[in-house]
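*Asks:*
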Amino acid sequence: DLVPVFIVGQGQMIKKRGDRLEFWSREDKVGEAKLREIAQLSLYGGVAITTPALVDILQRGVPVCYFSHGGWFYGISQGNTHKNVELRIRQFEWASDSAKSLTIARSFVSGKIRNSRTLVRRNDPSIPKRVLTSLSRLAKEAEVVESAESLLGIEGAAAQVYFSRFDNLLKSEDVTFSFENRNKRPPKDPVNAVLSYLYGAMVKEFFVTLLAVGFDPYLGFYHRPRYGRPALALDLMEEFRPLIADSVTITLFNNGELTENDFIFRGLGISLNQKGKKTVIAGYERRMTTEVTHPIFGYKVSYRRILEVQARLLARVIQGEIQEYPPFCTR
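Numbering (the numbering used here), first residue to last: -12 to 318.
(1) Got a sec, what are the start and stop residues for the beta strand (DSSP E) Arg4 sits in?
(2) Less than 8 Å between the C-beta atoms of Ala92 and Ala145, yes or no?
(3) Just the C-alpha distance for Ala207 and Arg169, rounded to the nearest angstrom, thanks.
(4) For Lys101, tell me which candidate among Lys264, Gly270, Ile237, Phe227 has the shortest Cα-Cα distance.
(5) Give the range of the beta strand (DSSP E) segment to which Val132 is assigned.
(6) Evaluate Ile283 with the Cβ neighbour count: other Cβ atoms within 10 Å of its Cβ, from every protein chain shown; 16 or more gives buried, anything less gives exposed.
(7) Pull up the CB-CB distance for Ile(-6) and Phe10, whole angstroms please, since I reckon it's below 8 Å.
(8) Which residues does DSSP list as the beta-bridge partners of Trp11?
(9) Would the beta-carbon of Glu136 be found less than 7 Å away from any heavy atom of the ligand ADP?
(10) Rounded to the nearest angstrom, how far is the Cβ of Val190 from that of Pro50, given a contact under 8 Å?
(11) If Leu(-11) and Glu24 are in contact, beta carbons under 8 Å, what's the gap, nearest whole angstrom?
(12) For the alpha helix (DSSP H) that Gly98 lies in, which residues bound it at each end?
(13) Should the region 169 to 182 be called in touch with the region 255 to 263, which here means at least 3 C-beta pairs below 8 Å?
(14) Using the C-alpha atoms, what's the distance from Pro115 back to Ala218?
(15) Based on the DSSP secondary-structure assignment, which residues constitute the bridge partners of Glu244?
(16) How big is the Cα-Cα spacing for Ala40 and Leu8?
(17) Quick check on Asp6: buried or exposed, where buried means 16 or more other Cβ atoms within 10 Å of its Cβ?
(18) Would you list the one or two residues that DSSP bridges to Ser29?
(19) Looking at the structure shown, is Lys321 part of a helix, part of a strand, or coil, going by DSSP?
(20) Please name the residue or residues paired with Ser258 in a DSSP beta bridge.
(21) Per DSSP, what kind of secondary structure is Phe227 in: helix, strand or coil?
(22) Among all the DSSP beta bridges, which residues are the ones paired with Val288?
(23) For Val34, which residues of its own chain have a beta-carbon under 6 Å away from its beta-carbon, when the five flanking residues on both sides are left out?
(24) Nearest-angstrom Cα distance between Cys316 and Thr38?
(25) By how many angstroms is the C-alpha of Gly307 removed from the C-alpha of Lys265?
(26) What residue from Leu139, Lys287, Arg299 has the CA that sits closest to Leu223's CA?
(27) Rounding to the nearest angstrom, what Cα-Cα distance links Ala188 and Leu30 in this structure?
(28) I'd like to confirm the pairing. Which residues does DSSP put opposite Ser64 in its beta bridges?
(29) What are the start and end residues of the alpha helix (DSSP H) that includes Thr38?
(30) Taking all protein chains shown into account, do 16 or more other C-beta atoms lie within 10 angstroms of the C-beta of Ala126, making it buried, or fewer, making it exposed?
(31) Buried or exposed: where does Tyr286 fall if 16 or more other Cβ atoms within 10 Å of its Cβ makes it buried?
(32) If you compare alpha carbons, which of Asn71, Gly270, Ala302 is closest to Tyr184?
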């Protein structure tokens, strides 16, 4: 199988030698990979890539994704993009129709809330019944809401309920790893630093998947278009936030894979250092390669493959092949 490659850290260099990419840290070669086995290349921070390496990668149709040192997704280099013009025409038609957009947006938000409920139910043995009842009610309300503004309100209310229990999902007794609320730009505690880093990785994942299927990742149905904002990637990502980023965060802290030594404490903000980033990426990749049974089709596939399945289901909706988008929900 093809595998994604992550290069983290300032001063890294990627070179082509024969049928391989070589990874260098200043004067030392630190690794290599066969070009034919690379699914995508993700570069974090000041990583350089030579022109011969980039040309070969692009000719193979392998996306090269660029991130800031802190995990913010900058953009992508890719060879000839998908030629499914008809799908993009239909996407623009649906996105310009508020009623049609709302039908899809409802499914995104309802799926996110249902998966949030499943995560806290599985990982918080002391969770009050009222919390689960509240999340169930909000998920049902999201399915029938009559305006995008009301849907935003429901999503916000569900997030408040969900994150009010997030600290109970973390088993570490280290007060440094406690969680009070979701915060970002900059994250104010290690848990939020990891969540933000993983959400950045997920945006890239959905961006690449949507391009492969034939969508324009910048035009969404729930998140409003804004210059440089990959709205559709953020849309489709909603139902997977609890299943991937939140779940990986909980696992990394509860298994003791992350310690204080993996973070940089600077002023008001906290960020991952290079060792911490590698640990988080390893946890993320474990999750993305985990196989689960798809509730509609009944076969086991990896989470990475499920992202593509869901993107193709979305394409079938806007092409009129199925009536509504079925979010991926676990039990």
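Glycine included, C-beta positions come from ideal geometry on N, C-alpha and C. All values derive from a computational prediction rather than experimental measurement.
*Replies:* Taking the coordinates as given:
(1) As a first step, residue 4 is located in the sequence shown; it is residue number 17 there, counting from the start. Residues -1 to 4.
(2) Translated into the one-based positions of the sequence shown, residue 92 becomes position 105. Translated into the one-based positions of the sequence shown, residue 145 becomes position 158. No, these two residues do not count as a Cβ contact at 8 Å.
(3) Start at 1 with the first residue of the sequence shown, and residue 207 comes out as number 220. Start at 1 with the first residue of the sequence shown, and residue 169 comes out as number 182. For clarity, residue 207 is Gly in the given sequence; the question names Ala instead. Straight-line Cα distance between these residues: approximately 24 Å.
(4) Taking the first residue of the sequence shown as 1, we reach residue 101 at position 114. The question names Lys, yet the displayed sequence has Arg at residue 101. With distances taken between Cα atoms, Arg101 lies closest to Phe227.
(5) To locate residue 132, count along the sequence shown from 1; it is residue 145. Segment: none, Val132 is in no beta strand (DSSP E) and carries neither H nor E.
(6) Numbered from 1 along the sequence shown, position 296 holds the residue referred to as residue 283. Its Cβ having fewer than 16 others within 10 Å, Ile283 is exposed.
(7) For the purposes of this step, residue -6 is taken as residue 7 along the sequence shown, with counting starting at 1. For the purposes of this step, residue 10 is taken as residue 23 along the sequence shown, with counting starting at 1. The Cβ separation is near 6 Å, so the contact holds.
(8) Reading the sequence shown from its first residue, position 24 is the one you call residue 11. Answer is Met0, Lys16.
(9) Ligands in the displayed structure: none, and consequently the ligand ADP is not present.
(10) By 1-based counting over the sequence shown, the position of residue 190 is 203. By 1-based counting over the sequence shown, the position of residue 50 is 63. About 13 Å; that fails the 8 Å criterion.
(11) Reading the sequence shown from its first residue, position 2 is the one you call residue -11. Reading the sequence shown from its first residue, position 37 is the one you call residue 24. Confirmed, Cβ separation roughly 6 Å.
(12) Mapped onto the sequence shown, residue 98 falls at position 111. 85 to 110 is the extent of the alpha helix (DSSP H) around Gly98.
(13) yes
(14) Sequence index remark: in the sequence shown, residue 218 carries index 231 (1-based). Sequence index remark: in the sequence shown, residue 115 carries index 128 (1-based). Taking the straight line joining both Cα atoms gives about 35 Å.
(15) For the purposes of this step, residue 244 is taken as residue 257 along the sequence shown, with counting starting at 1. DSSP, once it has assigned bridges, lists no residue as partnering Glu244.
(16) Taking the first residue of the sequence shown as position 1, residue 40 is located at position 53. Taking the first residue of the sequence shown as position 1, residue 8 is located at position 21. Taking the straight line from one Cα to the other gives about 7 Å.
(17) One-based indexing of the sequence shown puts residue 6 at position 19. So Asp6 counts as exposed.
(18) As a first step, residue 29 is located in the sequence shown; it is residue number 42 there, counting from the start. In the DSSP output, where bridge partners are listed per residue, Ser29 has Phe(-7), Cys52.
(19) Past the edges of the chain, shown from -12 to 318, lies residue 321, and the structure says nothing about it.
(20) Position 271 of the sequence shown, counting from 1, holds the residue named residue 258. Note: Ser258 sits in a beta bridge opposite Ile251.
(21) Here residue 227 is taken as the residue at index 240 of the sequence shown, counted from 1. Of the three classes helix, strand and coil, the one that applies to Phe227 here is helix, per DSSP.
(22) For the purposes of this step, residue 288 is identified with residue 301 of the sequence shown, where counting begins at 1. Answer is Val279, bridged to Val288.
(23) Stepping through the sequence shown from its first residue, residue 34 is reached at position 47. These residues qualify, in order along the chain: Ile(-6), Gln(-1).
(24) By one-based count along the sequence shown, residue 316 stands at place 329. By one-based count along the sequence shown, residue 38 stands at place 51. Going by the C-alpha atoms only, they are around 43 Å apart.
(25) Residue mapping note: residue 265 aligns to position 278 of the sequence shown, counting from 1. Residue mapping note: residue 307 aligns to position 320 of the sequence shown, counting from 1. Lys265 and Gly307: Cα-Cα distance of roughly 42 Å.
(26) Along the sequence shown, one-based indexing puts residue 223 at 236. Closest by alpha carbon: Arg299.
(27) Reading the sequence shown from its first residue, position 201 is the one you call residue 188. Reading the sequence shown from its first residue, position 43 is the one you call residue 30. Spanning the two alpha carbons is a distance of roughly 11 Å.
(28) Counted from its first residue, the sequence shown places residue 64 at position 77. Val51, per the DSSP bridge assignment.
(29) Counted from its first residue, the sequence shown places residue 38 at position 51. That run of the alpha helix (DSSP H) goes 38 to 46.
(30) In the sequence shown, counting from the first residue as 1, residue 126 sits at position 139. Classification for Ala126: buried.
(31) Here residue 286 refers to the residue found at position 299 when the sequence shown is read from its first residue. Tyr286 should be labelled exposed.
(32) For this step, residue 184 is matched to residue 197 along the sequence shown. Selected option, being the one with the closest Cα: Gly270.
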